[in-house]
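Residue numbers (the working numbering): 81 to 318. Built from N, CA and C at the ideal position, the CB exists for glycine as well. Every value quoted in this text rests on a predicted model; they were computed, and no experiment measured them.
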Amino acid sequence: MQFLPPLPQSPYLTGLCLAALLTAWSAGAFAANETRYVTDQYNFNLRSGESTRYKILRQLPSGTPLTVLSVNRESGYARVRTAEGLTGYIMLTYLQDEPSARNELESMRNQLAALQEEPDKLAARLSALQNQYDKLEDNAEALKRDKQDLEAELAEIRHAATNAVQIDRERRELQQQVSSLLLQVDQLEHRNLELSNQTRQDWFLIGAAVVAGGILIGLILPSLRLRRRRSPWSSSSL
81 MQFLPPLPQS PYLTGLCLAA LLTAWSAGAF AANETRYVTD QYNFNLRSGE STRYKILRQL
141 PSGTPLTVLS VNRESGYARV RTAEGLTGYI MLTYLQDEPS ARNELESMRN QLAALQEEPD
201 KLAARLSALQ NQYDKLEDNA EALKRDKQDL EAELAEIRHA ATNAVQIDRE RRELQQQVSS
261 LLLQVDQLEH RNLELSNQTR QDWFLIGAAV VAGGILIGLI LPSLRLRRRR SPWSSSSL
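So this is what it looks like as structure tokens:
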């Protein structure tokens, strides 16, 4: 004889339980570790055992996904586990293969709202992309101007570098000319010194000659005077 759980006192719940038991006995087999969903008519109790005598662990809203761990066709209960990891028992008639229609409808509404929001998001995204494009275009223009300025500055630097090379070459030529002129000046100074020494020597010789001439004249003049005094002309005149 199969065990039947005690029925609730309420006529409505009694009928519901009887219908659930009859459906469980006639239902097909549930495979272990498959996902089933609580139907969307009511909130159902997850109990600690396979009977209404066991305490309620949690009330499951319709559409709650459950993992079926095992099935007992005799009691009409399935051992299930919630997404949070809570394990308990629930009647087979409360389970179905697909999510509840209410959840499906809510999902469809959310998808519709998302699709309705999509054009606005796309427009906002397009506006953001347009702003980014405008900024990139402005940056490109600024970079182009900077490139032109750098090219002009580079041309000036190259021109200055060319002038610097030419100036350096001219400076070296001038240094060579200055060195040559300094050498000529040194040679002229040396020649001037030699001429000055030669002039001094000449003047010294001239002075010596003058002195010697004066000495000779001084020696000759007295003898000339003496001869004049002794000449016959002078005695005859006496």
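Worksheet item: Should Leu126 be labelled buried (16 or more other beta-carbon atoms within 10 Å of its own) or exposed?
Response: By 1-based counting over the sequence shown, the position of residue 126 is 46. Leu126 is buried by the Cβ-count criterion.
Practice prompt. Just the C-alpha distance for Asp249 and His239, rounded to the nearest angstrom, thanks.
Written response: Residue mapping note: residue 249 aligns to position 169 of the sequence shown, counting from 1. Residue mapping note: residue 239 aligns to position 159 of the sequence shown, counting from 1. According to the sequence shown, residue 249 is Arg rather than Asp. Their Cα atoms are separated by approximately 15 Å.
Discussion item. Going residue by residue through the region 187–218, where are the continuous beta strand (DSSP E) segments of at least 3 residues, counting only ones entirely within it?
Written reply: DSSP runs (the beta strand (DSSP E)) wholly in the region 187–218: none.
Worksheet item: Going by DSSP, which residues form a beta bridge with Thr115?
Response: Taking the first residue of the sequence shown as position 1, residue 115 is located at position 35. DSSP, once it has assigned bridges, lists Thr147 as partnering Thr115.
Worksheet item: What whole-angstrom Cβ distance do Leu146 and Thr162 have, given they're in contact under 8 Å?
Response: On the sequence shown, position 66 is the one that residue 146 refers to. On the sequence shown, position 82 is the one that residue 162 refers to. Contact between Leu146 and Thr162 holds, since their C-beta atoms are separated by about 6 Å, short of 8 Å.
Fill in: Environment of Thr242 [buried if 16+ CB atoms lie within 10 Å]
Working through the sequence shown from its first residue, we reach residue 242 at position 162. Label assigned to Thr242: exposed.
Worksheet item: Between which two residues does the beta strand (DSSP E) carrying Gly168 extend?
Response: As a first step, residue 168 is located in the sequence shown; it is residue number 88 there, counting from the start. For Gly168, the enclosing beta strand (DSSP E) starts and ends at Thr167 to Met171.
Discussion item. Tell me the residue span of the beta strand (DSSP E) that contains Thr132.
Written reply: Sequence index remark: in the sequence shown, residue 132 carries index 52 (1-based). Going by DSSP, Thr132 is part of no beta strand (DSSP E) at all; its letter is neither H nor E.
Fill in: Local conformation of Ala222 per DSSP, three classes
Looking up residue 222 in the sequence shown gives position 142. In the structure shown, Ala222 sits in a helix (DSSP, three-state: H, G or I).
Discussion item. Please list the terminal residues of the continuous beta strand (DSSP E) segment that includes Asn123.
Written reply: Working through the sequence shown from its first residue, we reach residue 123 at position 43. Counting along the chain, Asn123 falls outside any beta strand (DSSP E), and DSSP gives it neither H nor E.
Worksheet entry | Three-state secondary structure assigned by DSSP to Arg249 | Taking the sequence shown and counting its residues from 1, one reaches residue 249 at position 169. DSSP places Arg249 in helix when its eight states are reduced to three.
Worksheet entry | Residues near Leu137 in its chain [Cβ-Cβ closer than 7 Å; skip 5 each side] | Position 57 of the sequence shown, counted from the first residue, corresponds to residue 137. Correct list, in chain order: Leu126, Arg127, Ser128, Leu166 and Gly168.
Practice prompt. Using a threshold of 7 Å, state whether the C-beta atoms of Ser155 and Glu130 are closer than that.
Written response: Working through the sequence shown from its first residue, we reach residue 155 at position 75. Working through the sequence shown from its first residue, we reach residue 130 at position 50. Judged by their CB atoms, Ser155 and Glu130 are nearer to each other than the 7 Å cut-off.
Item to complete: Following the continuous beta strand (DSSP E) through Tyr157, name the residue where it begins and the one where it ends.
Response: One-based indexing of the sequence shown puts residue 157 at position 77. Element bounds for Tyr157: Tyr157 to Thr162.
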